[in-house]
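Yeah, the sequence shown ends on 861 if you go by our numbering, and it's all consecutive.
By construction, the Cβ of each residue, glycine as well, lies at the ideal position given by its N, Cα and C atoms.
I have placed the structure first, in the form of structure tokens, so that the comments after it can refer back to it.
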Amino acid sequence: MTRFTFKPLLTGLVLALLLAVGPVQARYAAEPQHEEALLNVISALQHNHYSGKKMDEELSSDIFERYLKDLDSSRIYFYQADVREFEHAREAIGLEILTGSSQTGFAIYNRFHQRQIERLEYMLNLLQDESHSFDFNTHDSIETDRSEADWVQTTEEMDELWYKRLKNALISLKLADQTVAEARETLIQRYENQQNRLAQTNNEDVFERYANAIAHEFDPHSQYLSPRNQENFQINMSLSLEGIGAVLQGEDEHTKVVRLVPGGPADRAGQLRTSDTIVGVGQDAEGPMQDVVGWRLDEVVNLIRGPRESTVRLQIIPADSIDRSARRIITIVRDKVRLEEQAAQKRLLDLQRNGQPYRVGVIEIPAFYIDFTAMQAGDPEYKSTTRDVEKLIEELKDENIDSLIVDLRNNGGGSLREANELTGLFISRGPTVQIRDASGRVDILGDFDPKVAWNGPMAVIVNRLSASASEIFAGAIQDYNRGLVVGSRTFGKGTVQTLLPLEHGQMKLTHAKFYRISGESTQNEGVQPHILFPTLFDEEEIGESALEGALPWDTVHPVRHGRFPSLSPFLEELISRHEARIANDPDFTFMNKQVERSKEQRQQTQLPLNINEVRALRDEVEQWQVDTENQRRMAKDEPPIRQLSELDDLLPKDSQGRPINPEAESILMETAEIMVDFIDLHLSQTAQAMDRTVNGN
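Right, here's the structure in full:
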């Protein structure tokens with residue numbers, strides 16, 4: 165480990181004073197309780213975190229960089245001179261943390277606060293100056309990704325950057341059918357609200373932000389919770405309690421949808437998607453739409469939450485929209501997420517192949533759940549994923565299914581116990597997952613019940629939102645060669661977190677990792693399916709590998725386990741048949757076009773600041789979507805549409821009234837076709853073996 169070689173003059177209060185030079189008022193300062201809290205945070209991270217990182221000059225430098233990035237990821241507040249001034253702290257900040265001092269963190273934040281105030285005043289002065297007119301016919305452009313841009317050097321450059329940001333915001337509002345006067349008023353309210361929120365920031369908020377920069381340098385799932393956020397932890401991150409059932413996160417000035425809670429109101433409504441951006445919230449059917457750009461996450465959460473059966477309207481920027489002026493308003497009726505809504509469900513698919521009928525059972529598992537309270541109370545009917553799936557399998561067997569599909573798409577995980585026991589329904593006995601803790605000790609979980617609920621052909625469908633327990637199950641099925649895994653690469657969440665109470669607040673930290681019985685981690689890399697399907701989820705935006713500082717993929721020793729012999733000989737032929745079948749399938753053709761289009765759009769990081777060019781870009785994008793949708797509809801003998809909004813009424817609904825996504829349904833039906841292929845190939849092999857036996861005799 166690199167030893168510290170700090171110069172004494174660059175530590176403690178002297179360092180803070182160095183950082184405080186210039187016209188900045190020390191609005192925020194550490195309080196006495198923060199010293200002990202910081203000592204507890206760094207002690208917990210160094211002694212309990214899986215990574216085993218210890219404070220040295222390298223980690224000190226990384227924390228410094230992380231804090232600057234957490235504060236100003238787009239490099240739109242700090243000047244190059246600010247960063248040069250902060251450079252004194254790069255190596256010294258680590259030693260300061262070890263002494264429990266957060267003065268440097270507060271000093272940097274005070275400068276950040278000053279720059280925020282300056283920028284808001286600049287924007288408000290422009291908007292409130294009625295003599296100033298904005299020219300929306302210039303041919304300027306704005307860079308949408310400034311994460312690697314040079315730090316701004318002069319006030320003139322900073323003003324130009326923010327002027328472009330202001331024009332872009334005005335153009336977006338004008339294209340959302342606001343007049344220039346209305347757009348000005350909307351933005352004045354937005355920036356005044358942000359000023360009010362800055363004024364409400366307190367020392368505890370600053371300390372929490374600094375402590376989290378330290379925690380995030382160990383990994384993105386480690387987090388410090390202040391006493392206030394400790395109490396509201398579940399509510400802040402999930403709207404499942406009398407809300408819409410969505411997990412949200414703050415991203416720069418915006419609120420982003422991370423995932424939907426299975427069975428929740430948003431999931432049932434079918435309009436909100438992962439990675440959508442929420443920019444406005446309205447109450448009831450006619451209430452005014454409140455602009456929430458720049459709001460704190462907990463404030464947005466509180467606005468969206470509300471009484472059961474009340475209505476909330478969300479104004480969103482769709483995740484797949486390159487045009488950030490595009491807006492959609494969706495309506496969701498608030499409700500509680502009930503356990504029965506997350507329960508596993510079955511379907512029966514009837515297929516024909518060469519005049520021969522086949523029945524494919526489908527079990528959709530939205531989450532790995534267990535009612536611990538009922539189980540501990542001795543209720544013999546307590547609900548759990550494994551118990552429910554076992555019952556559904558028996559019902560499907562009574563309906564004479566030929567094969568089974570376990571659908572884990574969008575399943576973000578849940579109970580590790582249930583992932584282990586569910587695997588046991590498909591193998592006689594054996595290990596299922598390995599767990600390695602920070603000390604290097606490896607525990608092995610397994611199934612020791614020889615009972616098997618289904619021993620026939622099976623497939624598991626996964627996608628980028630299949631995470632944690634879903635990856636454990638899919639990985640075990642793959643490692644045992646028990647069934648086909650199809651879909652897209654999974655999320656890659658292979659870490660385990662624990663909550664540690666502190667004297668002041670609470671620490672969530674990563675203390676273990678999951679490993680497959682093959683020895684491979686599910687962390688970062690996820691589970692790679694045998695057969696890949698198109699996916700619109702951008703792996704650079706969604707998934708563990710998209711999180712900066714995520715722990716790496718690695719291996720431990722494999723565990724001895726059996727393998728089913730019947731899958732491998734057919735895999736090449738299964739892939740060949742699959743590719744031939746989808747080559748001209750309208751839905752798969754549509755998906756592939758969407759994937760290619762999304763790749764092209766992601767490469768465009770310059771947006772025009774000419775309203776006619778932006779309007780033309782928006783119209784071109786929408787027309788492409790309409791044309792591509794109509795190509796699919798015509799290939800399926802369905803009537804064409806004139807605009808995308810018509811699809812909301814045309815999409816078929818399931819038994820619960822939820823819209824059925826045609827791409828998701830096509831993936832399911834193609835998986836069923838693959839299972840029929842497998843049965844056909846297996847029967848052919850059996851017949852050939854019998855012929856050889858007969859001829860040999």
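With which residues is residue i paired in a DSSP beta bridge?
i, result
"Gln364", "Answer is none; Gln364 lacks a bridge partner."
"Arg423", "Val411"
"Ile494", "Leu478"
"Lys817", "Pro823"
"Leu512", "Gly525"
"Tyr679", "Gln598 and Ser685"
"Ala623", "Ile569 and Leu648"
"Arg517", "Gln520"
"Ile695", "Val650"
"Asp499", "Gly407"
"Leu389", "Gln670"
"Phe532", "Gly578"
How is the beta strand (DSSP E) around residue i delimited, first residue to last?
i, result
"Ile775", "Per DSSP, Ile775 belongs to no beta strand (DSSP E); it is in the alpha helix (DSSP H), Ile775 to Ala799."
"Asp552", "Taken as a continuous stretch (DSSP letters only), Asp552 belongs to no beta strand (DSSP E), being part of the alpha helix (DSSP H) at Thr549 to Asp562."
"Ser305", "Ser305 to Glu307"
"Asp455", "Met453 to Asp455"
"Thr441", "Thr441 to Gln447"
"Leu771", "Gln770 to Pro772"
"Ile608", "Val606 to Asp611"
"Val660", "Thr659 to Pro665"
Enumerate in chain order the residues of its own chain whose CB-to-CB distance from residue i is below 7 Å, with the five nearest sequence positions on each side excluded.
i, result
"Val570", "Ile527, Ile529, Met622 and Val624"
"Gln767", "none"
"Gln280", "Tyr241 and Leu362"
"Leu337", "Ala347 and Thr350"
"Val524", "Leu513, Leu515, Ile565, Asp566, Ser567, Ile569, Ala836 and Met839"
Please return the same chain residues whose Cβ sits closer than 8 Å to the Cβ of residue i, not counting the five positions on each side in sequence.
i, result
"His213", "Phe382, Asp383, Ser386, Ala602, Leu673, Thr674 and His675"
"His846", "Pro621, Ser730 and Phe734"
"Glu199", "Gly264, Ser265 and Ser266"
"Asp416", "Ser237 and Ser238"
"Val205", "Ala375, Ile378, Ala379, Tyr388, Leu666 and Met671"
"Asp904", "Not covered by the structure: residue 904. The range shown for the chain is 165 to 861."
Classify residue i as buried or exposed, calling it buried when 16 or more other Cβ atoms lie within 10 Å of its own Cβ.
i, result
"Trp788", "exposed"
"Phe842", "buried"
"Ser579", "buried"
"Ile608", "exposed"
"Asp431", "buried"
"Gln520", "exposed"
"Asn366", "exposed"
"Val616", "exposed"
"Phe532", "buried"
"Gln540", "exposed"
"Val457", "buried"
"His721", "exposed"
"Gly427", "buried"
What are the start and end residues of the alpha helix (DSSP H) that includes residue i?
i, result
"Tyr327", "Thr319 to Leu339"
"Leu568", "Element bounds for Leu568: not the alpha helix (DSSP H) but the beta strand (DSSP E), Ser567 to Asp571."
"Tyr286", "Gln267 to Gln292"
"Ile468", "Leu461 to Ile468"
"Thr537", "Phe536 to Gln540"
"Met755", "Pro750 to Arg766"
"Pro196", "Pro196 to Asn212"
Determine the DSSP secondary structure at residue i, reduced to helix, strand or coil.
i, result
"Lys156", "The structure shown does not extend to residue 156, since the chain is modelled only from 165 through 861, so no value can be given for it."
"Thr686", "coil"
"Asn374", "The sequence shown places Tyr at residue 374, not Asn. Here Tyr374 sits in helix by DSSP."
"Leu403", "Confidence is the limiting factor: at Leu403 the pLDDT is only 38, short of 50, which leaves the residue's position unreliable, though a coordinate-based value still follows. Coil at Leu403, not helix or strand."
"Gly576", "coil"
"Ile706", "coil"
"Asp383", "coil"
"His742", "helix"
"Phe250", "helix"
"Met671", "strand"
"Leu715", "coil"
Keeping to the same chain, check which residues put their C-beta closer than 6 Å to that of residue i; ignore five residues upstream and five downstream.
i, result
"Gln692", "Arg653"
"Pro698", "Met755, Asn756 and Val759"
"Asp643", "Arg680, Ile681 and Ser682"
"Arg477", "Gly446, Ile493 and Thr495"
"Val794", "For the record, residue 794 in the displayed sequence is Asn; it is not Val. The residues are Pro804."
"Lys657", "Ala631, Ser632 and Glu708"
"Gly269", "Tyr374"
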